[in-house]
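Each remark here refers to the structure printed beneath this line.
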Amino acid sequence: MKIIPLKEGNFLASKTKDFSLLDTTSDLTKGLRMSIQPFLIVTENDYILLDAGIGWKDENGKMVMLQKLEEENIDPGQITKVLFSHLHKDHIEGAIRSTEHGFEATFPNAELYIQKRELDFAMENKGNPSFDFEVLEKLIRLPNVVWMNDDQGQLTDEISYEVVGGHTPFMQVFWIREDGEIAFYGADDLPQESYLQYNVAFKTDFDGRKAMELRQMWQKEAEENHWKILLYHDLKKGIIEF
Numbered sequence: 011m012k013i014i015p016l017k018e019g020n021f022l023a024s025k026t027k028d029f030s031l032l033d034t035t036s037d038l039t040k041g042l043r044m045s046i047q048p049f050l051i052v053t054e055n056d057y058i059l060l061d062a063g064i065g066w067k068d069e070n071g072k073m074v075m076l077q078k079l080e081e082e083n084i085d086p087g088q089i090t091k092v093l094f095s096h097l098h099k100d101h102i103e104g105a106i107r108s109t110e111h112g113f114e115a116t117f118p119n120a121e122l123y124i125q126k127r128e129l130d131f132a133m134e135n136k137g138n139p140s141f142d143f144e145v146l147e148k149l150i151r152l153p154n155v156v157w158m159n160d161d162q163g164q165l166t167d168e169i170s171y172e173v174v175g176g177h178t179p180f181m182q183v184f185w186i187r188e189d190g191e192i193a194f195y196g197a198d199d200l201p202q203e204s205y206l207q208y209n210v211a212f213k214t215d216f217d218g219r220k221a222m223e224l225r226q227m228w229q230k231e232a233e234e235n236h237w238k239i240l241l242y243h244d245l246k247k248g249i250i251e252f
């Protein structure tokens, strides 16, 4: 498999979940520092996008994620699957783009895998700034949505998932396996390498203690099975290997 980080940038996320590019003028007391970094995994059978970023645009109005794909000579139409860990705005907004004809899917040929219980949770929390309900309502109306309801399973011979909770009640994580290689995406339960270095239950998580316990378990499994862990919010790294 080929793993391609599609980093949109390093950001400062305010308490109201507004994102601004991190630079020397950023007031670090006003929010949390994080990258936004979806991943594309290319296997023999699929082009798999793990979460869809925030849809950040450069000064010319072009989506950074699409530029990254262009640099890899990959067209958005080649993406076959988009796997959503959860539905916070910084994980879904890049799945939709605005055109002169209205909104459309950024990846028109991809199946969009969404956990139905995570959607239900989002819709019960209207007004929560972590969600962009305008984008979310457009996303779920796209024709290629695949609704997921099980706690765990196989999407293909290569892709498995499990609903683990932690950061959100029904957040799901993914494993992609090919030719003995294992890539693991723990999304916001394991977004940065530092989360493995400190056993901390974060108050920003729905269930911080559970997320902490999951990280401890995953680190042990990663060491035993030589996983490649994909870090969505790490400022410096995309992948750590065990």
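Residue numbers (our numbering): 11 to 252. We treat Cβ as the ideally placed atom computed from N, Cα and C, and that holds for glycine.
Can you look up residue i in the DSSP assignment and give me helix, strand or coil?
{"i": "N235", "result": "helix"}
{"i": "L31", "result": "strand"}
{"i": "A115", "result": "strand"}
{"i": "S95", "result": "coil"}
{"i": "T178", "result": "coil"}
{"i": "E191", "result": "strand"}
{"i": "L245", "result": "coil"}
{"i": "F141", "result": "coil"}
{"i": "S108", "result": "strand"}
{"i": "T214", "result": "coil"}
Since residue i contacts residue j with CB under 8 Å, what's their CB separation in whole angstroms?
{"i": "Q125", "j": "V173", "result": "6 Å"}
{"i": "M181", "j": "D160", "result": "Wrong, their Cβ atoms sit about 15 Å apart, outside the cutoff."}
{"i": "A120", "j": "V92", "result": "5 Å"}
{"i": "V145", "j": "K72", "result": "With 8 Å as the limit, V145 and K72 do not qualify as a contact, their Cβ atoms being about 18 Å apart."}
{"i": "D244", "j": "Q202", "result": "4 Å"}
Tell me residue i's beta-bridge partners as DSSP assigns them.
{"i": "M73", "result": "K67"}
{"i": "V155", "result": "L122"}
{"i": "P15", "result": "F49"}
{"i": "N20", "result": "S45"}
{"i": "L59", "result": "L50, V92"}
{"i": "Y171", "result": "G163, F184"}
{"i": "L240", "result": "Y195, I249"}
Suppose you measure from the CA of residue i to the CA of residue j; what does that come to, to the nearest Å?
{"i": "G112", "j": "L59", "result": "23 Å"}
{"i": "G176", "j": "Q229", "result": "16 Å"}
{"i": "I13", "j": "L240", "result": "9 Å"}
{"i": "K220", "j": "V210", "result": "10 Å"}
{"i": "I64", "j": "A23", "result": "12 Å"}
{"i": "G38", "j": "K213", "result": "Sequence check: residue 38 is Leu here, not Gly. The straight-line gap from Cα to Cα measures roughly 19 Å."}
{"i": "E110", "j": "A62", "result": "21 Å"}
{"i": "K40", "j": "K27", "result": "11 Å"}
{"i": "M222", "j": "L76", "result": "33 Å"}
{"i": "E18", "j": "I46", "result": "6 Å"}
{"i": "F4", "j": "Y57", "result": "This structure leaves residue 4 out entirely; the chain is present only between 11 and 252."}
{"i": "Q207", "j": "E81", "result": "33 Å"}
{"i": "H96", "j": "T35", "result": "31 Å"}
{"i": "K136", "j": "W157", "result": "21 Å"}
{"i": "Q162", "j": "I169", "result": "11 Å"}
{"i": "L79", "j": "L16", "result": "8 Å"}
{"i": "N138", "j": "P179", "result": "15 Å"}
{"i": "L165", "j": "E54", "result": "15 Å"}
{"i": "H101", "j": "K25", "result": "17 Å"}
{"i": "M44", "j": "L200", "result": "13 Å"}
{"i": "S204", "j": "D217", "result": "18 Å"}
{"i": "I51", "j": "G104", "result": "17 Å"}
{"i": "L42", "j": "I89", "result": "31 Å"}
{"i": "K67", "j": "P118", "result": "19 Å"}
{"i": "N83", "j": "I249", "result": "21 Å"}
{"i": "Y242", "j": "F49", "result": "8 Å"}
Looking only at its chain, what residues have a beta carbon closer than 8 Å to the beta carbon of residue i, apart from the 5 residues adjacent to it on each side?
{"i": "D189", "result": "M11"}
{"i": "I150", "result": "I124, L129"}
{"i": "E231", "result": "W237"}
{"i": "I192", "result": "W185, I186, N235, H236, W237, K238"}
{"i": "F141", "result": "L97, H98, K99, A132, N135"}
Which residues in the same chain as residue i place their Cβ atom closer than 6 Å to its Cβ, once the five residues preceding and following it in sequence are excluded?
{"i": "N154", "result": "E121, L122"}
{"i": "R107", "result": "T116"}
For residue i, which residues of its own chain have a beta-carbon under 7 Å away from its beta-carbon, when the five flanking residues on both sides are left out?
{"i": "R127", "result": "F180"}
Any Cβ of chain B within less than 8 Å of the Cβ of residue i?
{"i": "N119", "result": "The displayed structure is made up of one protein chain only, and chain B is not part of it."}
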